[in-house]
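Participant: Have a look at the structure that comes next, please.
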Amino acid sequence: MSGVSAGRSGACPRRVLIIKPSAIGDVVHALPILPRLRKLWPGAKLSWMVTPGCAALVERHPLVDEVILFERKRLGRGWHSPAALWELGAFLGALRRRGFDLVIDLQGLFRSAWVSMFSGAPRRIGFSNAREFAPLFYSELVDCSWDKEHAVDRYLKIASALGCANGPVEFQFAVDDEDRRYIEGLIPAGTAYAVLMPGTNWQTKRWPVEKFAGMVRPLKERFGLETVVVGGATDAGLTGRIPAKYDLTAKTNLRQIVALLENAGLVIGNDTGPVHIAAAMGIPLVGAYGPTDPARTGPYGRDDSVVRLDLPCSPCYSRTCCHRSCMEWLEIEAILQTAAEQIGKRRCV
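Last residue of the sequence shown: 1062 in this note's numbering, with the numbers rising by one and none dropped.
Structure, rendered in structure tokens:
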């Protein structure tokens, strides 16, 4: 198996596949690899394999030539369902016929590495310490530290190993005037607003919804901001308990959320995907963190936007907890203080 140096000396590929199927925050953190690859190989066709739930982040993206949808849940049943196995085989066959020269596996799991091998690409690059025996399927390995490096910096290490030049970290989102007009139809132009994001896929990462609800009045009184609450259909039980001026629950896709955030005066949320979008866009932001480590998966370059308690058990990365002290003990005033600092910094720019 070759080392990193082989990545620098390889010929310019014609077709490149990036594997980063999910989750939303992870896909956001991987976006800065696109401009670096495009600058290195302006004539290459860049494809991105992604789950349908995250596809809007790369569909119609100016730097992505092709989006390949990976139905993870359905295709994952191929091990015990003949129909799913046939569909998986058809998916892999179609992938192989594309003739990829290079696969970049940013997911770093057995399934993603296995797909990279079955793509038929002669060059397959991934992390040397990827999980679930994934490195066995790569032709080139890149070293990184999962404990000490942010996800964005890990992904950019692979770009550097391929020969990309270093430079500013650029996040570019696929959003257009159609998305902006949709948001203007929901929130009157000129409205000053804060976006609240109470949902997240882990129960342990949730700041209590009652405290989100308690933010509505002080946000209006202190900062003159109306409140907008967003979330998916599964978050309705949370968002419905927040007396926001505008409830956009289940009314926006990811591109429309980007359009919403473009004009937001403030964003407050848990460790969840759209918070990372706001961070990348430079929006005044407050992220409530508890069981996860912001040094690894926090708002990139926005350490000052994180509010967390320094408890012996945090971060624990546990999806279950009997007390949730790291989130329950976070007070509204601590969030508001950081919000004031974030808004003040924008005004000083």
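Idealized CB from N, CA, C, for every residue including glycine.
Could you check whether A769 and L899 sit closer than 9 Å to each other, using their CB atoms as the reference points?
Facilitator: 9 Å or more divides the Cβ of L899 from the Cβ of A769.
Participant: Counting pairs of Cβ atoms below 8 Å between the region 902–918 and the region 1017–1032, do you hit three or more?
Facilitator: yes
Participant: Please state if the CB of Y906 and the CB of Y959 are separated by a distance shorter than 9 Å.
Facilitator: yes
Participant: What is the rounded straight-line gap between the Cα of L951 and the Cα of T962?
Facilitator: 10 Å
Participant: Would you be able to state if there are at least three C-beta pairs under 8 Å between the region 1038–1054 and the region 929–938?
Facilitator: yes
Participant: Using a Cβ distance threshold of 8 Å, determine whether the region 738–751 contacts the region 884–903, with at least three qualifying pairs required.
Facilitator: They touch, by the three-pair rule.
Participant: Pull up the DSSP beta-bridge partners for S841, would you.
Facilitator: Answer is none; S841 lacks a bridge partner.
Participant: Apply the 10 Å Cβ neighbour rule to A807 and answer buried if 16 or more other Cβ atoms are within range, or exposed otherwise.
Facilitator: exposed
Participant: On the three-state DSSP scale, how would you describe E897?
Facilitator: DSSP, reduced to helix, strand and coil, places E897 within a helical segment of the structure shown.
Participant: For I838 versus D818, is the C-beta distance shorter than 9 Å?
Facilitator: Yes, these two residues count as a Cβ contact at 9 Å.
Participant: Excluding sequence positions up to five away, which residues of its chain have a Cβ less than 7 Å from the Cβ of T965?
Facilitator: V943, L973
Participant: Report the option in K870, S829, A977 whose CA atom is closest to the CA atom of L750.
Facilitator: K870
Participant: Buried or exposed: which applies to P775, given that a residue is buried once 16 or more other Cβ atoms fall within 10 Å of its Cβ?
Facilitator: exposed
Participant: At the level of alpha carbons, what is the spacing between D1006 and E1054?
Facilitator: 22 Å
Participant: Counting only runs that start and end within the region 966–1023, where is the alpha helix (DSSP H) found for 4 or more residues in a row?
Facilitator: 967–975, 986–994, 1007–1010
Participant: Taking the C-alpha atoms as reference points, what is the distance between R721 and R1009?
Facilitator: At R721, the pLDDT of 46 sits below 50, so the modelled position is not reliable; the number obtained from the coordinates is stated separately. If you take the alpha carbons of R721 and R1009, they lie about 27 Å apart.
Participant: Specify the secondary structure class of E779 as computed by DSSP and reduced to three states.
Facilitator: strand
Participant: Leaving out five residues before and five after K752 in sequence, what residues of the same chain have Cβ atoms less than 8 Å from its Cβ?
Facilitator: C877, A878
Participant: Quick one: what does DSSP say I732 is sitting in, helix, strand or coil?
Facilitator: I732: strand per DSSP, three-state reduction.
Participant: In terms of residue numbering, what span does the alpha helix (DSSP H) encompassing T940 cover?
Facilitator: Element bounds for T940: not the alpha helix (DSSP H) but the beta strand (DSSP E), 939–942.
Participant: Starting from K958, follow the beta strand (DSSP E) in both directions and report where the run begins and ends.
Facilitator: Note, K958: premise wrong, no beta strand (DSSP E); not H, not E.
Participant: Between the C-alpha atoms of A719 and L854, what's the straight-line distance to the nearest angstrom?
Facilitator: Caution applies to A719, whose pLDDT of 37 falls short of 50 and renders its modelled position unreliable; the model cannot decide the point.
Participant: DSSP on R919, reduced to helix/strand/coil?
Facilitator: coil
Participant: Go ahead and pull the three-state DSSP assignment for S825.
Facilitator: Reduced to three states, the DSSP call for S825 is helix.
Participant: Taking DSSP as the reference, what is the three-state secondary structure of M928?
Facilitator: coil
Participant: Are D856 and F840 closer than 9 Å when you measure CB to CB?
Facilitator: The answer is yes: Cβ separation under 9 Å.
Participant: With DSSP as the reference, please indicate the residues paired to S760 in a beta bridge.
Facilitator: L730, E779
Participant: Are the Cβ atoms of I732 and S825 separated by less than 9 Å?
Facilitator: yes
Participant: Name the DSSP bridge partner or partners of V816?
Facilitator: DSSP, once it has assigned bridges, lists L730, R837 as partnering V816.
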